[in-house]
Structures are given as C-alpha cells and as structure tokens.
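Chemist: Residue 65 in our numbering sits at position 52 of the sequence shown; the count goes up by one each step and never skips. The structure is given below, and queries will be raised subsequently.
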Amino acid sequence: MTRCQKKDIAANENDSKNQDEAIDLVKKDTNCSLVEKLYSININQGGNTYFTQSKDSKSFNITNLPYEILVMILKMVITNVLDFNSLECFAAVCRGFFIVSRDQSIWKFIIKHMWNAKFVEALTAMDTYVDWHNLFLTKPRPNFNGIYVCHITGVRCGEKSDMNYQLGHPVSYYRYVRFFPNKRVILLVTTENTNKSLAKLKSPDPKAADVITGEYVVKGTLIIAILRSIVTDKTYYSLNTNELIEDSIEQEYQLQLAIRNTKTQRNGELCWVYYSLHTRALNEHERHVTFNIQRNLFKPFKFVNFRDLPPTTRSKLF
Numbered sequence: 014m015t016r017c018q019k020k021d022i023a024a025n026e027n028d029s030k031n032q033d034e035a036i037d038l039v040k041k042d043t044n045c046s047l048v049e050k051l052y053s054i055n056i057n058q059g060g061n062t063y064f065t066q067s068k069d070s071k072s073f074n075i076t077n078l079p080y081e082i083l084v085m086i087l088k089m090v091i092t093n094v095l096d097f098n099s100l101e102c103f104a105a106v107c108r109g110f111f112i113v114s115r116d117q118s119i120w121k122f123i124i125k126h127m128w129n130a131k132f133v134e135a136l137t138a139m140d141t142y143v144d145w146h147n148l149f150l151t152k153p154r155p156n157f158n159g160i161y162v163c164h165i166t167g168v169r170c171g172e173k174s175d176m177n178y179q180l181g182h183p184v185s186y187y188r189y190v191r192f193f194p195n196k197r198v199i200l201l202v203t204t205e206n207t208n209k210s211l212a213k214l215k216s217p218d219p220k221a222a223d224v225i226t227g228e229y230v231v232k233g234t235l236i237i238a239i240l241r242s243i244v245t246d247k248t249y250y251s252l253n254t255n256e257l258i259e260d261s262i263e264q265e266y267q268l269q270l271a272i273r274n275t276k277t278q279r280n281g282e283l284c285w286v287y288y289s290l291h292t293r294a295l296n297e298h299e300r301h302v303t304f305n306i307q308r309n310l311f312k313p314f315k316f317v318n319f320r321d322l323p324p325t326t327r328s329k330l331f
C-alpha cells in the first residue's frame with residue numbers, strides 16, 4: 014500500500030469519525046426538526062456547502078449547482094400537477110437533497126397553487142414566521158396521488174312482474190372520486206371494481222361518457238364540488254328534415270364532503286355532508302332534489318393510493 018493510499022484511508026476514517034460525533038451531538042437535541050438537525054450536522058462538520066464532494070471526482074455534477082438553481086429545478090419538477098412523489102424521491106437521495114426539498118419557497122409556491130394567492134398574501138403580510146411546509150401538512154386538503162373509493166352494498170326489492178320473482182336482489186356498486194390540483198374533480202358510479210375503472214380516472218377530462226366532471230373548492234374542512242353531465246333522454250327522427258334528434262337532460266350535482274384524518278393516513282376519508290341533484294330538460298320544468306344522507310347509502314370515501322395514475326400536464330409553478 015502506497016503512502017498516498019494510507020493518507021486517503023486515514024482521511025476517510027477521520028471524516029467518518031467527525032460525522033458520527035456530529036450526528037450524536039444533534040441527536041441529543043430533541044426540540045429541533047429533522048431539517049434543522051441535518052443542517053446542524055453539516056455546520057458541526059465545518060462545511061459551508063450542503064454536499065460532500067468525492068475526492069476522486071473531477072467531473073461536474075448536480076451538486077456543483079448553486080442552492081437557488083436546485084430550488085428552481087425542483088419547482089419545475091413538481092409542476093402544476095404537484096408531483097410530490099418525485100419531490101420525496103429527490104429528498105431521499107442524501108442529506109443535502111432533503112434540505113433543498115424542504116425549502117420554504119417551494120412549499121409557499123405549492124400552497125399558492127393549491128389554494129389561492131390571496132391566502133398566501135394574507136399570511137405573508139403577517140409579522141409572524143410562517144412554516145409553509147408544516148402548513149401544507151396540517152391544512153385539510155384532498156390527496157392527489159390516488160382515488161377516493163366508496164363501496165356500497167345492499168338489497169333491492171324484487172318486482173312481481175318478473176317471471177323469476179325474488180323477494181330481494183343483492184346490489185353492489187362503487188363510487189370513485191378523484192381530485193386534481195387544477196380544481197378539477199371527476200366522479201364515477203359503476204359496478205366495476207377498482208382495477209377495471211382505473212383507466213377511466215386518469216385524466217381530468219375523461220372521454221368515457223359515464224364519468225362526470227366538475228370543479229371544486231376547499232373551504233376549511235369542507236370540499237364543495239359542482240359536477241355537470243348531459244344525459245340523452247330520447248332519440249327520434251324529424252319528420253321534416255329526416256335528421257336524428259336527441260333530447261338531452263342537463264344534470265348538476267352539488268356535493269359537500271368533510272375531510273377527515275384516519276389512523277394511518279392524513280386526509281384519508283371524505284364524509285358526506287350535503288348532496289343534491291338539479292335537472293333541466295327541454296320544454297320541461299326544472300327539478301331540484303336534495304337527498305337525505307343515510308349512512309347505509311352514503312358511506313364515507315376511503316383514499317387509495319395508486320402509482321398507475323400518471324401526471325397529465327407539465328407546466329411550471331412560477
């Protein structure tokens with residue numbers, strides 16, 4: 014073994030010893046957050062950067078970029094679909110990447126995009142310090158990396174007009190709701206299970222006719238959504254023009270869902286608060302029906318995370 018190799022081994026052992034001592038020192042402080050602990054470890058080691066460069070590396074890599082450039086790159090990675098999975102994968106690489114991913118300006122842009130600019134301006138105008146990352150975690154909101162699922166089962170009374178008359182028939186169907194960061198929401202009611210229905214719920218503007226689309230807003234712990242659909246009532250041929258004419262009915266659904274936390278997931282449950290249907294038909298009066306929220310028919314939505322749901326748009330947050 015050469016003298017240079019011995020020096021490199023001794024230097025690496027010294028760096029590892031200093032790192033262990035810095036980590037033990039920071040672990041004793043239980044009052045600071047993980048970001049503060051990781052930053053303190055870097056300071057205690059006498060470093061003024063967030064990354065430790067390899068001594069054998071002579072090439073230029075991402076760790077040579079300034080801190081501000083890394084923050085801008087992360088904002089472009091997240092985009093307007095709020096791709097938190099990519100952000101967390103970046104944070105899991107190393108200590109420095111974790112610190113960059115928790116930069117307050119990133120989470121301020123996320124909150125501004127998810128809620129509204131007036132909300133951010135009101136908090137910014139206050140003299141107190143605002144932890145944007147903690148605010149994002151604690152403020153009620155819908156989850157975007159999956160679907161809210163509700164499985165309804167029951168018994169439907171049989172009809173005596175049927176030849177194979179039975180007193181009751183088992184009924185089973187699903188309600189699926191997915192929220193998007195651009196204030197879009199889609200709703201699907203079907204008898205198909207989740208694996209078969211997943212393809213219809215990948216886009217905020219689905220092509221399937223049985224998927225209902227609309228918009229939503231978050232007010233406090235409530236999600237207020239309005240969805241619209243057009244249903245064909247009857248089809249006939251005109252006697253004058255011999256053209257196919259379709260009489261359609263416009264349906265407007267109004268939903269109010271309360272956001273709840275579960276034991277295993279934040280914002281993992283949506284409970285029904287209000288549900289109504291407003292219909293408009295050609296040459297007919299409008300009808301408005303408000304449903305009675307019954308627990309057996311309006312069970313809470315449970316959030317299910319799906320990695321097979323890809324982002325649909327790619328535009329910058331700023």
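Glycine included, each C-beta is placed from N, C-alpha and C at the ideal position. Predicted model, so just to flag it, every value in this text is computed and none were measured.
(1) Output yes or no for whether 8 Å exceeds the beta carbon distance between F157 and L214.
(2) Under the DSSP definition of a beta bridge, which residues are partnered with Y287?
(3) Could you give the residue range of the beta strand (DSSP E) that holds I199?
(4) Considering only residues of the same chain and omitting the five flanking positions on each side of W7, which have a CB-CB separation below 6 Å?
(5) According to DSSP, H298 sits in a beta bridge with which residue or residues?
(6) I'd like to know whether the C-beta atoms of I262 and R293 end up nearer to each other than 8 Å.
(7) On the three-state DSSP scale, how would you describe K125?
(8) Over the uninterrupted beta strand (DSSP E) stretch that includes Y229, give me the two end residues.
(9) Quick one: what's N318 bridged to in DSSP?
(10) Beta carbon of I160, beta carbon of F319: below 8 Å?
(11) Hey, S185 and T207 are a contact pair by Cβ (cut 8 Å); roughly how many whole angstroms apart?
(12) Kindly identify the DSSP beta-bridge partner or partners of P183.
(13) Give me, in chain order, the residues of the same chain whose beta-carbon lies closer than 7 Å to that of V133; leave out the 5 immediate sequence neighbours on both sides.
(14) Counting beta carbon pairs with one atom in the stretch 218 to 229 and one in the stretch 189 to 200, are three or more of them shorter than 8 Å?
(15) Give me, in chain order, the residues of the same chain whose beta-carbon lies closer than 8 Å to that of V90; leave out the 5 immediate sequence neighbours on both sides.
(16) For F316, count neighbouring C-beta atoms within 10 Å of its own C-beta (all shown protein chains included) and say buried if the count is 16 or more, exposed if not.
(17) Which one or two residues does DSSP pair with V133 in a beta bridge?
(18) Straight-line CA distance for R273 to L83?
(19) State the Cα-Cα distance for the pair A138 and K131, rounded to the nearest angstrom.
(20) Would you tell me roughly how many angstroms separate the C-alpha atoms of I56 and Q278, rounded to the nearest one?
(21) What separation, rounded to the nearest whole angstrom, lies between the Cα atoms of T234 and L136?
(22) In chain order, what residues of the same chain lie with their CB nearer than 8 Å to the CB of G60, ignoring the 5 residues before and after it?
(23) Among A238, R191, A212, Q117, whose alpha-carbon lies nearest the alpha-carbon of S289?
Modeler: Concretely, from the data shown:
(1) no
(2) Q269
(3) Start and end: 197 to 203.
(4) Residue coverage of the chain in this structure runs from 14 to 331, which leaves residue 7 outside it and unanswerable.
(5) Note: H298 sits in no beta bridge, so no partner.
(6) yes
(7) helix
(8) 224 to 232
(9) Bridge partners of N318: G159.
(10) yes
(11) Not really, about 13 Å apart at Cβ, beyond 8 Å.
(12) Beta-bridge analysis with DSSP links P183 to V168.
(13) K121, I124, K125
(14) yes
(15) The answer, listed in chain order, is D96, S99, L100, F103.
(16) buried
(17) The partner list for V133 (beta bridge, DSSP) is empty, contrary to what the question assumes.
(18) Those two C-alpha atoms are separated by around 35 Å.
(19) Here the C-alpha atom of A138 lies approximately 10 Å from the C-alpha atom of K131.
(20) Any reading at I56 is ruled out, since the residue's pLDDT is 48, under 50, leaving its predicted position unreliable.
(21) 19 Å
(22) Its pLDDT being 49, under 50, G60 is placed unreliably in this model, and the value from its coordinates should be taken loosely. Excluding sequence neighbours, G60 sits near nothing in its chain.
(23) A238
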